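Here is the structure we will look at, set down as C-alpha cells.
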Amino acid sequence: MKHIATFLAWLLSLFILAGCQNDDAPKETEDAPSTVQASVVELSEAKFQRANLAFATVTYEPIEFLLTVPAEIFPMPNSEAFVGSLVAGRIKSVGAKLSQFVQAGAPLAVLESAEIGAATADLKQCAAELEVAESDLRRKASLSDENIISGKALAEAEARLKIAKASLYAAESRVAAIGFSSREIEDMKKNPDTRVTSVGIRAPISGFLSARSARIGEYVLPEQTLFKIHNLSKVMLVGSIFEPDFHKVAEGQKVEVFFGENHREKLLATIESVGTTLDEVTHALSVRAVLQNPDYRLKPSMHAEMWIHARAKEPAFLLPAGAVGIDGEKKFVFVRKAERVFEQRTVVPLYETQAQVALSEGVGEGETVVSEGVFFLKSEIKASEMEE
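Numbered per mature numbering (1 follows the signal peptide of the UniProt record, and there is no 0), the sequence shown spans residues -18 to -1, 1 to 370.
Quick look at the structure:
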C-alpha cells in the first residue's frame, strides 16, 4: 500500500508540472515581434489590426498643381498719361478736378504764351502768302496761254507756289505741335484778323485725373507734368515666381485672383505674358495677367494673390501626400506586397502639394501604398535595427 501511495503522489506531481509548463508556453499576443528583412516588414496579425493602416492606389497621369503667387496691381502700359504743356507759358485757367473722369480730348487747362502768338501769326502769314502765290500762278498761266509772258516767268510762279505750300505745311506742323487741333488750325487760316495767344491743354486719353499740379498764374515749362490720368477699365496684375517654379508657368494658364479685405474677393483671368529676364534684386520672374475692371474696384498698388492652375508637360506617378515619409534627408514610401507585408522604397518627389506627391520612379502604376500609418511601419524597422 505504501508503494501504491508513493506512485500516486508522483503521478499527481507530474500532472501539476505539465499543467504549469503548458501555461508558460509562448503564444501570439499584441507584443509579438514583426518580421523584418532588409527593407521589408511583415506585421503580426495583432499589430496589423492595431496599426489601422490606410491604403491608396498609385496612378499615372498628368500632374496638375496650384501655385500661390503674391502680386500687385498696376495700370495697363498704354492707359497711363502724363500731361504737360508743349511750350513754355503761364497757366490762364484750370478746369479739371482731381478724381474727375475726363474724355480723350477734353480741355484740362488753358495756357498763354508769346510763343503761341508767334506761331499762330506765322501760320496766318504763310496762309496769306499761299493765296497770293496761287493767284499769281493763275494769272501768269492765263498770260502764258496768250503768249504774253515767257515760260520762265510761269515756271518761277509755279516754284513760288510750291515754296508757299511748304512754308504753310511747316507752320501748320508747328501750331499742331503746340496743341491746336486741325479744326482750330483751319479756323485760324479763315480768320486771319483773330489774335490767338493761348491754347488748351487736353487729355490724350480717357480716364480718371489722379494727379494735378497746375495752378492758375504759374509759369510752366514743357518738361513739367501738370496732370496725370489713369484709364482703369483694365488693369495689369503682376506676380513674382522663383526659379523652382519657372517651368510650371506659361501663357494662357487659368488664374484665380483674390483681392480686397483678407483677399475675400475673387476674379478669373488668364496669364497674358511671362517675363524673359529676372529682377536684379529679388531674382524673380514676372507673371502678368490682365483684369477687366468695369466698376473700378481694382486700384494701382493694391496687393492681391494669384492662384495659377498649372499642368506639367509629362505625366507622373501620383499618390497622397500622407504616403511619403521622411527619414533625415531621404523620403520613402511603403508598398504593400502582401496582406501584412510592406516594402520600404526610397523616392525623390518631382512635385509636392498639401494633398499630392508626384514621382517619376520608385513605384508603379496600380501598386498599393500605405497612405496612413507610414511612421508605424518605419518604427518597426527602426526597432528591428536596434535589436540587431
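The beta-carbon is built from N, C-alpha and C at its ideal position, and this holds for glycine as well.
None of the values given here were measured: they were computed from a predicted structure.
Closest Cα partner of residue i within the set the options
| i | options | result |
| --- | --- | --- |
| Y201 | Q107, G71, N275, R327 | G71 |
| V352 | I167, V315, I211, F299 | V315 |
| L203 | K360, A88, S67, E54 | S67 |
| F224 | Q235, V217, V256, A196 | V256 |
| L301 | M284, G344, T102 | G344 |
| L250 | T207, A159, M288, V330 | M288 |
| Q235 | E247, I253, K248, A103 | I253 |
| G346 | V317, F162, E247 | V317 |
| G182 | E262, V76, S124, I308 | V76 |
| S61 | S155, S215, K360, T207 | S215 |
| I73 | D127, T207, N173, D169 | T207 |
| R197 | A78, I55, E311, D169 | A78 |
| G310 | A28, S163, K360, D169 | K360 |
Spatial distance of residue i from residue j (CA atoms)
| i | j | result |
| --- | --- | --- |
| K122 | V178 | 35 Å |
| E10 | R322 | Because E10 carries a pLDDT of 45, less than 50, the predicted location of this residue cannot be relied on, and no value is offered for it. |
| H265 | F324 | 44 Å |
| K364 | S222 | 43 Å |
| S180 | A63 | 22 Å |
| T328 | K313 | 6 Å |
| V269 | L105 | 50 Å |
| K319 | L341 | 19 Å |
| N244 | P59 | 28 Å |
| E354 | L35 | 5 Å |
| I130 | L136 | 11 Å |
| F42 | E334 | Position check: residue 42 holds Tyr in this sequence, whereas Phe was assumed. Taking the straight line from one Cα to the other gives about 15 Å. |
| T39 | N213 | 53 Å |
| H285 | D175 | 57 Å |
| D6 | Q326 | Residue placement at D6 is poorly supported in this model, since its pLDDT is 46, which falls under 50; the coordinates are not used for a value here. |
| E349 | R246 | 41 Å |
| E369 | F37 | 29 Å |
| K171 | S155 | 13 Å |
| S26 | V239 | 52 Å |
| G199 | S95 | 12 Å |
| V51 | K248 | 14 Å |
| R194 | Q82 | 11 Å |
| N173 | A152 | 19 Å |
| Q31 | I55 | 56 Å |
| I290 | V356 | 31 Å |
| T258 | V339 | 29 Å |
| L332 | T17 | 32 Å |
| D169 | E128 | 38 Å |
| V263 | E205 | 31 Å |
| E12 | E367 | In this predicted model, E12 has a pLDDT of only 48, less than 50, meaning its place in the structure is not dependable enough to derive any value. |
| F162 | R120 | 32 Å |
| I308 | A20 | 18 Å |
| A141 | A103 | 24 Å |
Cβ-Cβ distance between residue i and residue j below 8 Å
| i | j | result |
| --- | --- | --- |
| E46 | V69 | no |
| Q362 | V22 | Looking at the sequence shown, residue 362 is not Gln but Glu. No. |
| L267 | L260 | yes |
| G87 | R184 | yes |
| A53 | V217 | no |
| L150 | C108 | yes |
| E116 | L143 | yes |
| P226 | P57 | no |
| A292 | A337 | no |
| I211 | F241 | no |
| A148 | D118 | no |
| S126 | G133 | yes |
Integer-rounded CB distance, given that residue j should sit under 8 Å from residue i
| i | j | result |
| --- | --- | --- |
| S192 | V84 | Contact flag wrong, Cβ pair sits at about 11 Å. |
| A271 | V237 | 5 Å |
| V157 | I145 | At roughly 19 Å, the Cβ-Cβ gap does not stay under 8 Å, so V157 and I145 are not in contact. |
| L93 | F209 | At roughly 12 Å, the Cβ-Cβ gap does not stay under 8 Å, so L93 and F209 are not in contact. |
| residue 387 | P186 | Absent from the structure is residue 387, since the part of the chain shown begins at -18 and ends at 370. |
| I160 | A101 | 6 Å |
| F358 | A33 | 5 Å |
Inter-stretch contact at 8 Å, needing at least 3 Cβ pairs: the stretch 295 to 302 / the stretch 271 to 282: no
Stretch-stretch touch, CB-based, cutoff 8 Å, three pairs: the stretch 225 to 233 with the stretch 35 to 49: yes
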